[in-house]
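Protein chains in written order, with my numbering: chain A, -3 to 345; chain B, -3 to 345; chain C, -3 to 345; chain D, -3 to 345.
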């Protein structure tokens, strides 16, 4: 490719921002043209993120539609509610948008407004958005102008349940997703609960009575069910891990049949997926094994040979759960090799 | 009480050993007379456990039935298989025994031998053993000569499910226990998997296809079910937390009815229990809140008002999950106040 | 003792507050009568600190001099600047005050104002305050009405240097204290730097060009030097550890003589101290070994037999470094056994 | 470059092994031809290191001089003592060797044998070895057939002291290096001390009376001193951090003069170094900021304007402290761009 893709990151001062920069600054076909932040306008990006010292001369700029329109693609690494306001003008100018926030993930605007407790700022763009889970929607992503990147829990959970639901092997009304995330999922905001003194050396569930990722996951699961199936219904309990990166989802479902070769089913489903690794029977994927990479590793088992299937699914919440998947989507949208810029191996130990 | 109870600890070089010492050395009615270890015979206990420097002049001695018989009570903090060999002689001499290992927890010897992959060394004593979960068996513990202390996962799991199963409110054949433990549960043995470099900053399931605590939990759950109920059947997946102490069990069950006031049910069940704390509706108990104490904290909820009940249960695996519960059992056996020696408050933060 | 000491804690919502409560609620001769907090007035203490559920029925009250005057002793667990305003009225009414903040630690008011960048609100009480390091000032503490509890770094550092400086064995102008603290030292304030995502799995120095504990340490060291000695001068670099509790100070000084038996010197100096443990030659005290206890453990060595002495000193920053030492001071002030309420053994592992 | 460099790793089952693979499997001009392990012969590398699943089809082979001689370069990631036995045969066949162990770091064989407590197996090759610290020995590395990669502590410590010693600004007989390392420095061996249950949530010094890196550091420091200077003498105390990766060295030295612009000195010394980052005055480099990268970040300061200089130095012990530096050396030896294969940005958070 002759000229590089010009990319901008809106709201680049948080963890998904620095993770996007980690991938994009080393992407062979991308030039990061802008990183915006109203609060840090004028500050050198490498002063804000010392890990980037020596790797970039960018400074944070104020977000400006005209300037952003010079770019081929704009990533939104903003809290929900922000992209809604800025996306329409960019779409109108032909810029492609990859939104890492929740703004365009849920097709039903009422549902979105119920869970996010605010009016949706741009309902007309929702229908246009493609849900950026390449393992399901690769073809639509290719032609999309607006991609809504899945949430971290939804990515880990859907990739684990999809083969079972597509094949109709489980009772879809009794799904359980017991998930746990490192603290980086809460972002880079000052808070007491996420202090090391509070969150380390401890473990707890949170938002057990209802987490915003629930409707997103149920929507995604229903999308892959066969016509006529009872709509997927999930009990979803997220937990906070005393560590930085990683999501582990432990998924449970009652099997309709115990005759199926589940290992073969999963391997066949993901055979051609560059970022999904079905581990051998008996494996226990650990979050460590995907740290810093865009991989999802899965294992499937049927404990004691009984009629409950268990799927273990791990991702790095900042990579496949956010910024890595965003770059994967960009690669698909621009016809690049899907692994471009995402080749770095997991950091281990 | 005039004279103190003379206690011995067999196999005192591990984590349950030092935790027993932490409680017993400060117990107002106990004198720790012996701590045994073949491997460390002659070594000062305070040299082995620097945390105890200045608090005890004991040295490890070789285990000897005659000397142990001088004691009123002997705690076994040994790997499974050890207590079986030594317990009969002690029982014959009238010594009371509290076994922290798995040797006498399972009433069906065949089941024990299947899961622990060795012949049981003392099947005749199994029937005599009382399962030391005071919240269920307090009366029998009072008169017991041999108490089998429950495992850590079984304690957290049973305390969470008991009110539901006693009341017959859930489908007992579709129970799920998603549990997670700190690394101290694996004991103080050299191992690669439990290195900080391997286990920290990561999370994984283990023994997902079958953990030895499964038959123990199922036995305990079935014991509290009403006659005629379908026997409890559990899917149990343990996970390894990147932290030292604490067990968190997240329990799921399909409700037979959604009309019951679950909060009231739990509060009534545990009203008089000194070590079980039913937290207010909406709570998320964290392992931190019980660290170093003998408490179990519980919360019960019905996410989204649907027909799945979720129970959150936390204990300190070394305290209520092992050594603390052992001391609680001793207090009951000897007619002491149940909280004697267990008053220390959780360490926070 | 017939009636219990009535104690109040002003500013009890932070880590030194909950640690005071952990000690005082189990102190056999103390009744905690009040815990104040303007911000949390009316909130149950056990709702704020779930670790205390079941152990106290107190609610936070607004600080009020009249009500506080009902108490025998008032602990200030407040940020610096607060005690200064409230202490005079309490002293005037004969209440004894133990201040855990920095307000009364430094005798030279100009120095205090320079380092704390604000006018001192109560310079007239400074001279009255006794610096509450029992190992140096036990006699004065006994009769004091106002005790200024030492800071955490100052406690660990002074206890390590004192034997050397008292004996005049080192060049006092070339002292180095390389110290490291867990994050609980930063308190329970929302902050980005102390997030688990920022502070775990990392290590750094901070305030290397000048930390507020420097003048406090130098004052304390100079107090124990013989007349005529060159005043102690310290290079002090604190570091932030990826853990919650514990301070480790590694102290360096050039020896004037290499003929001295340093081990014997240290053992003699601290022989009668209930909370200072001089470990055997060759030991490496770890913070773990004092966690949750009021102990300081020390080791002294002369690497390679050269002329630099190294002292290793560990404390729990919230215990001997703050709330434990405060209770120790209270015990001394009220003629109680010095270890009362402080008997709990370190939590290990 | 037309054909790729064929590389072998001897002893590839540990942490420096997997870190070499992380770099070399993504190095554009390298083909990893062999990874040896006697113990794991025949095991797939990706089964041993799940983080590498999908990235390599290699299996561990037994080390064999003939087969190794097919390679252009052989890395030894073995415990000390191993390379000594195998290196001569490889050198004789013209293979280039990069030894990550301590076998060839110390020029004085007696000193080596004293500290490593065994006879040196290949003293004749010692003189031939070039000490692989590129910032000092780049020219010699270029032509070397055998490079001895520096230890982790020696790298961080030397890079911090070099500018001061070269310029003769400090008293070289009073150097102090207070250093701390993550647990990965202890390697992937089963051990009690390095268990998460032992090493997390705690901090301690170790080997304070004499660590094997001391003679290596002193040799390196003396090499850069001007003729006639008093030979560098160091007090070196390493500590164990409750985290996986990272070394932080805090260096102290008495200044001969306080008139020098230390910031300018450091910046000038490292201006052209691709992997040394001198941070702005007032910075506190954190290990986090170099995690996974080959960088060393430094800060220099003079606390309180006194006459002691403090240098803060951080590296990733497995990267710049071992495998990254080994790849840097390889790049220099083979005339490749020095940053080839080492471009990945630090993982943050």
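Beta carbons: idealized from backbone N, C-alpha and C, even for Gly.
Asked: Residue burial classification, residue 37/A (beta-carbon count within 10 angstroms, cutoff 16); Found: exposed
Asked: The stretch 305 to 317 of chain A / the stretch 288 to 295 of chain A touching (three or more Cβ pairs under 8 Å); Found: yes
Asked: Same chain only: Cβ atoms within 6 Å of residue 253/D, ignoring 5 sequence neighbours per side; Found: none
Asked: Within the stretch 143 to 218 of chain D, ranges of the beta strand (DSSP E) (whole runs, at least 3 residues); Found: 171 to 177
Asked: Distance, residue 301/B Cα to residue 340/A Cα; Found: 44 Å
Asked: When 30/D, 324/D, 285/D and 215/D are compared against residue 49/A, the one with the closest alpha-carbon; Found: 285/D
Asked: Own chain residues within Cβ distance below 6 Å of residue 31/B, not counting five before or after; Found: 5, 8, 41, 54 and 56
Asked: Sequence-distant residues of the same chain with beta carbon closer than 6 Å to residue 59/B, five excluded per side; Found: 6 and 32
Asked: Residue 65/D Cβ short of 8 Å to the ligand NAD heavy atom set; Found: The ligand NAD is absent from the structure shown, which contains no ligand whatsoever.
Asked: Residues that residue 234/D bridges to, as DSSP identifies them; Found: 175/D
Asked: Through-space distance from residue 287/B to residue 85/B, alpha-carbon basis; Found: 36 Å
Asked: Stretch-stretch touch, CB-based, cutoff 8 Å, three pairs: the stretch 200 to 213 of chain C with the stretch 188 to 205 of chain A; Found: no
Asked: CB contact flag (residue 130/A, residue 324/A, <9 Å); Found: yes
Asked: Residue-chain proximity (residue 359/A, chain C), Cβ-Cβ < 9 Å; Found: No information on residue 359/A is available, as it lies outside the stretch -3 to 345 that chain A covers here.
Asked: Chain-ordered neighbours of residue 184/A on chain C, where CB pairs are closer than 9 Å; Found: 188, 191, 193 and 194
Asked: Stretch-stretch touch, CB-based, cutoff 8 Å, three pairs: the stretch 240 to 249 of chain B with the stretch 136 to 156 of chain B; Found: yes
Asked: Chain-ordered residues of the stretch 299 to 327 of chain D with a beta carbon less than 8 Å from chain C; Found: 299, 300, 302, 304, 306, 308 and 310
Asked: Segment limits, alpha helix (DSSP H) that includes residue 261/D; Found: 258 to 265
Asked: Partners in chain A for residue 232/D, counting only beta-carbon separations shorter than 9 Å; Found: In chain order: nothing, as chain A lies at least about 25 Å away.
Asked: Alpha carbon of residue 251/B to alpha carbon of residue 272/B, nearest angstrom; Found: 23 Å
Asked: Nearest residue (CA-CA) to residue 233/C, options 276/C, 278/C and 200/C; Found: 200/C
Asked: Rounded C-alpha distance that separates residue 175/B from residue 231/B; Found: 11 Å
Asked: CB contact check: residue 252/D to chain C, cutoff 9 Å; Found: no
Asked: Cutoff 9 Å: residue 346/B Cβ touching any chain A Cβ; Found: Residue 346/B cannot be examined here, being either before or after the span of chain B that is shown, -3 to 345.
Asked: Beta carbon proximity, residue 208/A to chain B, threshold 9 Å; Found: no
Asked: Residue range of the unbroken alpha helix (DSSP H) whose run includes residue 271/B; Found: First-last for residue 271/B: undefined, no H or E at that position.
Asked: CB contact below 9 Å: residue 43/C versus chain A; Found: no
Asked: Coarse secondary structure for residue 124/C, derived from DSSP in three states; Found: coil
Asked: Residue 144/D versus residue 127/D: straight-line alpha-carbon distance, rounded; Found: 5 Å
Asked: Amino acids of chain D, ordered along the chain, whose beta-carbon sits closer than 7 Å to that of residue 197/B; Found: 240
Asked: Residue span of the beta strand (DSSP E) that contains residue 27/D, given as start and end; Found: 26 to 32
Asked: Short CB-CB distance (under 9 Å) between residue 114/C and chain B; Found: no
Asked: Selection from 112/C, 120/C, 52/C and 226/C that minimises the alpha carbon distance to residue 82/C; Found: 120/C
Asked: Min CB distance residue 266/A to chain D below 9 Å; Found: no
Asked: Beta-carbon neighbours of residue 297/B, restricted to chain G and to distances below 7 Å; Found: In the displayed structure, chain G is absent; the protein chains listed are A, B, C and D.
Asked: Whole-angstrom distance between residue 22/C and residue 346/C, CA atom to CA atom; Found: For chain C, the structure presents residues -3 to 345; residue 346/C sits outside this window and is missing.
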